[in-house]
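S.K.:
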Amino acid sequence: MKNWGRFVISMELRKILAYRSDFWLSFLGQTFIQLFVGRALWQSVFEASNVTEMNGMNIDTLTLYYLIAPIGTRILTGENIGFISREIYEGSFTKYLIYPLSFFSYKSITYLTYSLFYSIQLLILYILYSLFYYHSLPDFTHFGFAIAGTLTFLIASVASMSIAMSIELLALWVDNTWSLMVGFRFFMHFLGGAFIPLVFFPEWANKALEWTPFPYFVNFPIQTFMGNISLHDWIKQASVLLLWVLVCATISKLIWKRGQYQYTGVGI
Amino acid sequence: MRYLKLYLYFLRFSFSKALSFRLDFFFRIFMDLIYYFINISFFKLVYLHTPLLGGWTQPQVMIFVACYLVIDAINMTVFSSNMWWLPYFINKGELDYYLIRPVSPLFFLSLREFSANSFVNFFMAFGFLIYALISYPVPFSIGELLLFSALIINGVFLYYLIQMLMILPVFWTHSSRGFVDLFYALGLAMERPDKIFKGWLRIIFTTILPFSLIASFPTKIFLEDFEWSALGHLVLVTTIFWILMLTVWKIGLKNYSSASS
Chain A
1 MKNWGRFVIS MELRKILAYR SDFWLSFLGQ TFIQLFVGRA LWQSVFEASN
51 VTEMNGMNID TLTLYYLIAP IGTRILTGEN IGFISREIYE GSFTKYLIYP
101 LSFFSYKSIT YLTYSLFYSI QLLILYILYS LFYYHSLPDF THFGFAIAGT
151 LTFLIASVAS MSIAMSIELL ALWVDNTWSL MVGFRFFMHF LGGAFIPLVF
201 FPEWANKALE WTPFPYFVNF PIQTFMGNIS LHDWIKQASV LLLWVLVCAT
251 ISKLIWKRGQ YQYTGVGI
Chain B
1001 MRYLKLYLYF LRFSFSKALS FRLDFFFRIF MDLIYYFINI SFFKLVYLHT
1051 PLLGGWTQPQ VMIFVACYLV IDAINMTVFS SNMWWLPYFI NKGELDYYLI
1101 RPVSPLFFLS LREFSANSFV NFFMAFGFLI YALISYPVPF SIGELLLFSA
1151 LIINGVFLYY LIQMLMILPV FWTHSSRGFV DLFYALGLAM ERPDKIFKGW
1201 LRIIFTTILP FSLIASFPTK IFLEDFEWSA LGHLVLVTTI FWILMLTVWK
1251 IGLKNYSSAS S
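Chains as they are written, first to last, in our numbering: chain A, 1 to 268; chain B, 1001 to 1261.
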């Protein structure tokens, strides 16, 4: 990586940690709320159905699932919505056209710095969870799986970044892309299994979802993290994920290639 | 009357602004449709695995879902855009413009922008509420429906108060968004029946962070046997949050330096 790359990472990290109290309160709040609300929901479902396990999941595995899912989706979503479109609307996008740096490299580094930062948070929280929950942790949740799962999230974040870039770059043609980005995130979270694990989806829905990238974004990294996937299956699914990375990256490159000629540099 | 007239001006400007960005107008409708689809699908999926959730059957939960979708749609239409800009005005020192006007700054800042595109979505959410009510096997009296409507309005107000209380710390922290991200994450508690929460979690969501009072309590009072204690609790917490928000707002204004940061 060139020197400017390291400088960009350092600047982005400083930006993330600029308002520490807000950041930590928001981060921990968001993580634990989703964990507690998800756990409460399934406890209620188990009680009403008078069972302790459903579709191979019990309260402990679901607790771990809802600990990983919110931070995992943050790894995928990286930077805030508007990380490209805002600059297009404000006219400050010009710098990428005249400075001797690649737009794609710069934006990828800033986005993936966020993803990397959240990955470290995920591993730290997992260690804390293991210490707290050690007595009830199933033996498959080995730390090696956690690292493999986190790495899988990082690979998936490249694909989600490429889709996010494609949508953000549409700002070169349309007035506002914010709602499209929100819509994409809703789909990614729900159809990826962040709200409800995909094992609770009907079979026909799971079969249909296999043709989309969403299960590879959320469900696949979580299952890897929890040690539910064999090496053979991991290689198979990772190959599909890499294919999606390639497809999404190519699309965003094409949009950029055509879109840069639409840019007026005026801003609104 | 003066405020009503002023609000009508706000509406006129907001509609003409929304129609200047037509594509965005449709994108937002599309986004909210996805949000509604996901919320309804979520509970449909849960009910594939259980006959009851928090003591409610599927038709009851659909009324609850419709209730919080309507509350969310009203909030998105009336308050949300204004809430978005508030931290920016505080941090950039642009609050002065609102403080010197001969109208309540809180009224101006909270209601200035009416989100016309979300208004379309309000009709969709309202349509779903009507559908859920009609599909419910037991008919409702006019009195019950009027009470439910009043409780939904209370829910909108409480939602606004909590949102403001999450934004106003910007007066001290000078961060770009306050605790809005935390507020949206907490919104998840609003989207679940209150009876699934037990112990300390239930205490938190019915008093300190009263998200369960926004939609779940109104639905509970409407669908289950009427309890004065539940209604009293709802009114008391809303009143306390109203006083708290006004107090924090006043203290925040005293702390406001008008300097840009």
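C-beta atoms are modelled at their ideal positions from N, C-alpha and C, and glycine is treated no differently.
Name the DSSP bridge partner or partners of A/MET57?
M.R.: A/MET54
S.K.: Taking DSSP as the reference, what is the three-state secondary structure of A/TRP173?
M.R.: coil
S.K.: Apply the 10 Å Cβ neighbour rule to A/TYR66 and answer buried if 16 or more other Cβ atoms are within range, or exposed otherwise.
M.R.: buried
S.K.: Against chain B, with Cβ distances strictly below 8 Å, would A/MET161 count as a contact?
M.R.: no
S.K.: Can you tell me the Cα-Cα spacing of A/TRP244 and A/ILE155, whole angstroms?
M.R.: 10 Å
S.K.: Give the C-beta separation of B/PHE1123 and B/ALA1215 to the nearest angstrom, bearing in mind that I take them to be a contact with Cβ-Cβ under 8 Å.
M.R.: Contact doesn't hold; Cβ gap of about 19 Å is too wide.
S.K.: Give me the residue from A/ARG6, A/TYR118, A/SER92 and A/ARG20 with the minimum Cα distance to B/HIS1174.
M.R.: A/ARG20
S.K.: Assign A/LEU232 to one of two classes, buried (16 or more other C-beta atoms within 10 Å of its C-beta) or exposed (fewer than that).
M.R.: The sequence shown places His at residue 232 of chain A, rather than the Leu named in the question. By the neighbour-count rule (16 or more Cβ atoms within 10 Å), A/HIS232 is not buried but exposed.
S.K.: Assign B/PRO1266 to buried or exposed, taking buried as 16 or more other Cβ atoms, counted over all protein chains shown, within 10 Å of its Cβ.
M.R.: Absent from the model: residue 1266 of chain B. The displayed extent of chain B is 1001 to 1261, so no value can be given.
S.K.: According to DSSP, simplified to helix, strand and coil, what is A/PRO138?
M.R.: At A/PRO138, the pLDDT of 45 sits below 50, so the modelled position is not reliable and the matter cannot be decided from this model.
S.K.: Would you identify the three-state DSSP class for B/LEU1048, choosing helix, strand or coil?
M.R.: coil
S.K.: According to DSSP, is B/LEU1053 helix, strand or coil?
M.R.: strand
S.K.: At the level of alpha carbons, what is the spacing between A/TRP173 and A/GLN262?
M.R.: Distance between the alpha carbons of A/TRP173 and A/GLN262 is about 7 Å.
S.K.: Could you please tell me which residues of the region 1103-1123 of chain B, in chain order, have their CB closer than 8 Å to any CB of chain A?
M.R.: none
S.K.: Taking 8 Å as the threshold (C-beta atoms), are A/PHE214 and A/PHE187 in contact?
M.R.: yes
S.K.: Please state the DSSP three-state secondary structure of B/ARG1101.
M.R.: coil
S.K.: Anything in chain B within Cβ reach of A/MET54, meaning under 7 Å, just list it in chain order.
M.R.: HIS1049
S.K.: For the region 8-25 of chain A, which residues have a beta carbon sitting closer than 9 Å to at least one beta carbon of chain B?
M.R.: For the region 8-25 of chain A, the residues whose beta carbon sits under 9 Å from a beta carbon of chain B are, in order, ALA18, TYR19, SER21, ASP22, PHE23 and LEU25.
S.K.: Would you call the region 97-110 of chain A and the region 189-205 of chain A in contact, with 3 or more CB pairs under 8 Å?
M.R.: no
S.K.: Rounded to whole angstroms, what is the Cα-Cα separation between B/GLY1054 and A/VAL45?
M.R.: 8 Å
S.K.: Note down the Cα distance separating A/PRO138 from B/PHE1179, rounded to an integer number of angstroms.
M.R.: Bear in mind that the predicted position of A/PRO138 carries a pLDDT of just 45, short of 50, making it too unreliable to give a figure here.
S.K.: Residues of the region 1175-1189 of chain B with a CB closer than 7 Å to any CB of chain A: list them in chain order, please.
M.R.: Near chain A, meaning a CB-to-CB distance below 7 Å, the residues of the region 1175-1189 of chain B are SER1175, PHE1179, ASP1181, LEU1182, ALA1185, LEU1186, LEU1188 and ALA1189.
S.K.: Among B/LEU1052, B/PRO1059, B/ARG1192 and B/LEU1086, whose alpha-carbon lies nearest the alpha-carbon of B/PHE1217?
M.R.: B/ARG1192
S.K.: Once you ignore the five residues that flank A/PHE220 on each side, which residues in its own chain have a CB closer than 6 Å to its CB?
M.R.: GLN237
S.K.: So, are the CB atoms of A/VAL274 and A/TYR216 less than 8 Å apart?
M.R.: Residue 274 of chain A is absent from the model: chain A starts at 1 and stops at 268.
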